[in-house]
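Heads up: the protein sequence lines correspond to chains Y and S, in order. Residue numbers for the first sequence follow full-length UniProt numbering, so the first one is 1 and each next one is one higher. Residue numbers for the second sequence follow full-length UniProt numbering, so the first one is 1 and each next one is one higher. Reading through the structure tokens given below for one structure.
There are 2 protein chains.
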Amino acid sequence: MPKQEAGCCEPLPEDPLAAEQAAELSAMFKALGDPVRLRLLSMIASRSEGEVCVCELTPAFELSQPTISHHLKLLRQAGLVDCERRGTWVYYWVRPETTDRMAAMLSSVSERRAVTA
Amino acid sequence: MPKQEAGCCEPLPEDPLAAEQAAELSAMFKALGDPVRLRLLSMIASRSEGEVCVCELTPAFELSQPTISHHLKLLRQAGLVDCERRGTWVYYWVRPETTDRMAAMLSSVSERRAVTA
């Protein structure tokens with residue numbers, strides 16, 4: 001192994017993101033790691049009523065209803081949206097506690113970088 | 001096709017997230033859709049010097065150096081970190097413009113939801 005340079009290999013102060021927390025958060029990020037799901041989330045959030053009927057989402061994509069439903073299921077499993085069936089249709093809304101948590105993680109990264117830059 | 005309920009299937013005001021922008025952003029989210037990469041980003045941001053030697057990152061994980069290097073490469077390709085070789089070691093730092101952009105997208109989703117809730 002090559003000789004270590006001065007100032008190198010000092011231990012990191014502490015693990016800034018615990019493994020369990022990282023597993024939870026990464027599942028949320030993974031759910032948005034697809035352009036269709038990202039657009040679905042944005043569209044659901046865009047509605048002035050705070051919720052969107054699934055029948056309004058499908059026409060925006062050249063994808064089948066089952067494919068859109070699958071993407072919506074992944075968003076729901078990640079805690080990013082929730083839904084309710086009313087009669088014929090299913091209505092979706094954003095869960096801001098999840099997007100807030102993800103934004104807070106990213107902001108903490110940006111801020112720490114800004115302080116030390 | 002079943003009869004549509006009243007108030008349903010109104011057109012969405014406009015596409016809130018263009019397809020091209022969604023493709024770019026989703027690649028960033030995908031890069032953080034893994035607990036190891038999320039922890040790497042957090043560790044890189046945690047350093048008071050603003051940058052971290054790769055030799056400090058590897059011991060935190062029960063993973064080989066090539067595996068860690070692969071994860072770091074994906075973070076770099078997504079624009080989340082950048083790096084420079086100095087002598088024996090490679091040093092990494094966070095690119096806050098990328099984390100800021102992701103946080104802004106998430107905050108806009110939370111805020112629109114909060115306004116309409």
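Cβ coordinates follow ideal geometry from the N, Cα and C atoms, glycine included. Owing to the predicted nature of the structure, the values given are computational and were not obtained by experimental measurement.
Setting aside the 5 residues that flank it on each side, G50(Y) is surrounded in the same chain by W93, each with a C-beta closer than 6 Å to its C-beta; the list follows chain order.
At a cut-off of 8 Å between beta-carbon atoms, K73(S) makes no contact with chain Y. In this structure T67(Y) is exposed. Its beta-carbon is surrounded by fewer than 16 other beta-carbon atoms within 10 angstroms. Using a 10 angstroms sphere on the CB of G87(S), the tally of other CB atoms stays under 16, which defines it as exposed. DSSP, read as helix, strand or coil, puts E56(S) in helix. G33(Y) reaches chain S at S26, F29, K30, G33, counting residues in chain order whose Cβ is nearer than 7 Å.
Using a Cβ-Cβ cut-off of 7 Å, D100(S) is close to S110 of chain Y, given in chain order.
Under a 10 Å Cβ-count criterion, E62(S) is classified as exposed, with fewer than 16 other Cβ atoms of the shown protein chains found around its own Cβ. Boundaries of the beta strand (DSSP E) around E84(S): 81-86.
In this structure, the straight-line span from the alpha carbon of C55(S) to that of Y91(S) is close to 9 Å. For the 8 Å CB-CB criterion, A22(Y) and A78(Y) do not form a contact. Here P35(S) is buried, its C-beta having at least 16 other C-beta atoms within 10 Å.
Close partners of L63(Y) in chain S (Cβ separation under 7 Å) are lacking, with about 12 Å as the shortest Cβ gap.
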